[in-house]
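Since the structure comes first, as structure tokens, the remarks are kept for the end.
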Amino acid sequence: MENQNIELLDKHFQDKVDQEIKIEPRDYMPDAYRKTLIRQISQHAHSETVGQLPESNWVTRAPSLVRKATLLAKIQDEAGHGLYLYSAAETLGASREDLIDDLHSGKAKYSSIFNYPSLTWADMGAIGWLVDGAAIINQVPLCRTSYDPYARAMVRVCKEESFHQRQGFEIMANLAAGSPEQKEMAQDALNRWWWPAIMMFGPSDAESTHTAQSMKWKIKRHTNDELRQKFIDQAVPQAEFIGLKVPDEHLKFNEETGHYDYGPIDWEEFWSVVKGNGPCNEERVAARKAAKDNGMWVREAAMAYAEKKEKRKVKVS
Amino acid sequence: MGNKVEWPLWEVFIRSKQGLNHRHAGSLRAPDEVMAIKNARDVYTRRSEGVSIWVVKAEDVFASDPYEEGPLFEPANTKIYRHPTFYHVPEGVKNL
């Protein structure tokens, strides 16, 4: 009897999804749908907050006040994006603290792109242009994801993300049009960030285990390879426009398909970094853990103050 | 106290400009209403999206049960005479 009911509920749920009816927090949803969304949304949130780290590295060394202010605004946005996403995850019954503990323990992942170091000022350009660029390609379709609190968070994020990409591209364009040393620095940053950005779209469709179910539930709206191709098709002309060379000797525009053919991805590197062996994995998680541990006294003090204030209110009346 | 100090959850409503109503923008965690408003300002109005903020503790929001949606809203479904299109207005009549 119990199983029949669940079967009916699941079928009704799938019908809603097929008809593009959005799912809201207290609606019925299969356990597996809830779990996979909590995993995806929280890992997205972790990516935003960890994503602040490679860029905060250069705030004190930004070449001008405008560059410093815009970089700070971008970093602040990333913090905000993390907050929208933690809020969305909480609507599914998850606890923000537990999610953050999972990040710190290594149980939860975040986008592997942030495990690479930001070695020069030009990295700020490459990151804004390519990493945020890739994120936009991924996030725009998510504005139509079936779970609407996630979709609504994505709408806010996408509005804010476009300045990020322009800020990065502007840095790269300026460097590429500058002195030979500046152009070389921009080219070097592109050389180091291109392939990791391509890998942001995840494993190839054939290797992606989550994709089929995710697309059936309309959480995911396009496959990894589709999005990856879209990113490459957009980014290559941008690089050419500012006179930089994409570090892929196999890169060639295919007249027949209307897309760029590109070289083989180093999947060993991808899986190695995902599994924790990237250049900065330990450093990133340690920084996040330290931020929480060292800031805990503020959290406790604020809570104690709020409780004291509450008690005083009751006394007066 | 340990590492489990959790600030209460607040729902945030923003009025984007005079003449419009407050709309739900999302949620955040804050220890009290003063910080909730400050945090709402920082999280939800970085691009001048608001002239007014309301914060409500999530535990004070009462919601209708989605499983009861059908029966709860059913009374209106059969009262099409609440819509002006139900009524026949002879052709040529003005201002009606």
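Read top to bottom, the protein sequences are chains A and B. Under the working numbering, the first sequence is numbered contiguously, ending at residue 317. Under the working numbering, the second sequence is numbered contiguously, ending at residue 1096. Even for Gly, the Cβ is constructed at its ideal location relative to N, Cα and C. Computed from a prediction, not measured in an experiment: that's the story for all the values here.
Check, Outcome
"So with CB distances below 9 Å, who are the chain A contacts of residue 1059 (chain B)?", "Correct list: empty, because the minimum Cβ distance to chain A is about 13 Å."
"Quick check on residue 147 (chain A) - is its C-beta less than 8 Å from some C-beta in chain B?", "no"
"Terminal residues of the continuous beta strand (DSSP E) containing residue 259 (chain A)?", "259-261"
"Just curious, the beta strand (DSSP E) that residue 115 (chain A) is in, first and last residue?", "Premise fails: residue 115 (chain A) is in no beta strand (DSSP E) and is neither H nor E."
"Measuring alpha carbon to alpha carbon, tell me which of A:133, A:174, A:220 ends up nearest residue 159 (chain A).", "A:133"
"What separation, rounded to the nearest whole angstrom, lies between the Cα atoms of residue 1084 (chain B) and residue 1070 (chain B)?", "24 Å"
"Is residue 1026 (chain B) closer than 8 Å to residue 84 (chain A) when the C-beta atoms are compared?", "yes"
"Using a Cβ-Cβ cut-off of 8 Å, state whether residue 83 (chain A) counts as contacting chain B.", "yes"
"Give the list of continuous beta strand (DSSP E) stretches no shorter than 3 residues that lie fully inside the region 52-109 of chain A.", "none"
"Who are residue 1055 (chain B)'s beta bridge partners in DSSP?", "B:1012"
"Cβ of residue 1039 (chain B) versus every heavy atom of the ligand FAD: is any distance shorter than 7 Å?", "Ligands are entirely absent from the displayed structure, and the ligand FAD is therefore not among its contents."
"Count Cβ pairs between the region 174-189 of chain A and the region 74-94 of chain A that sit closer than 8 Å; are there 3 or more?", "no"
"Can you tell me whether residue 1020 (chain B) is helix, strand or coil according to DSSP?", "coil"
"Taking 8 Å as the CB-CB cut-off, is residue 1001 (chain B) touching chain A?", "Confidence at residue 1001 (chain B) is low in this model, with a pLDDT of 42, below 50, so the placement of that residue should be treated as unreliable; the coordinate-derived value is given next. With 8 Å as the cut-off, residue 1001 (chain B) counts as an interface residue toward chain A."
"For residue 191 (chain A), which residues in the same chain have their Cβ closer than 7 Å to its Cβ, ignoring the five residues on either side in sequence?", "247"
"I'd like to confirm the pairing. Which residues does DSSP put opposite residue 23 (chain A) in its beta bridges?", "A:147"
"Use the C-beta contact count for residue 1061 (chain B): other C-beta atoms within 10 angstroms, 16 or more gives buried, fewer gives exposed.", "exposed"
"Please name the residue in A:167, A:166, A:136 whose C-alpha comes closest to that of residue 157 (chain A).", "A:136"
"Taking a Cβ distance cut-off of 9 Å, strictly less, list which residues of the region 24-54 of chain A are near chain B, in chain order.", "24, 25, 26, 27, 28"
"Which residues of chain B have a Cβ atom closer than 7 Å to the Cβ of residue 302 (chain A), listed in chain order?", "1031, 1035"
"Using 8 Å as the threshold, is the C-beta distance between residue 1051 (chain B) and residue 1036 (chain B) below it?", "no"
"At a Cβ threshold of 8 Å, is residue 128 (chain A) touching chain B?", "no"
"Would residue 188 (chain A) pass as a contact of residue 120 (chain A) if the rule is Cβ separation under 8 Å?", "yes"
"DSSP beta-bridge partners for residue 1026 (chain B)?", "B:1012"
"For residue 40 (chain A), does the count of other Cβ atoms within 10 angstroms reach 16, so buried, or fall short, so exposed?", "buried"
"In chain B, which residues lie with their C-beta within 9 Å of the C-beta of residue 96 (chain A)?", "1006, 1009, 1029"
"Determine whether the beta carbon atoms of residue 1028 (chain B) and residue 1043 (chain B) lie at a separation below 8 Å.", "yes"
"What do you reckon, are the CB atoms on residue 168 (chain A) and residue 127 (chain A) nearer than 8 Å?", "yes"
"Taking the continuous beta strand (DSSP E) assigned at residue 230 (chain A), which residues delimit it?", "Where residue 230 (chain A) is concerned, there is no enclosing beta strand (DSSP E), although the alpha helix (DSSP H) it sits in stretches over 224-241."
"Return helix, strand or coil for residue 1079 (chain B), following the three-state DSSP convention.", "coil"
"So, does the CB of residue 1043 (chain B) fall closer than 8 Å to a CB anywhere in chain A?", "yes"
"Would you call the region 207-219 of chain A and the region 99-117 of chain A touching, i.e. three or more CB-CB distances under 8 Å?", "no"
"Would you list the one or two residues that DSSP bridges to residue 254 (chain A)?", "A:259"
"Just the Cα atoms here: how many angstroms apart are residue 1020 (chain B) and residue 1041 (chain B)?", "18 Å"
"Note down, in chain order, every chain A residue with its Cβ under 8 Å from the Cβ of residue 1070 (chain B).", "The premise fails here: residue 1070 (chain B) is roughly 12 Å from chain A at the closest Cβ pair, so nothing lies under 8 Å."
"Under a three-way DSSP split, which group does residue 298 (chain A) fall into?", "helix"
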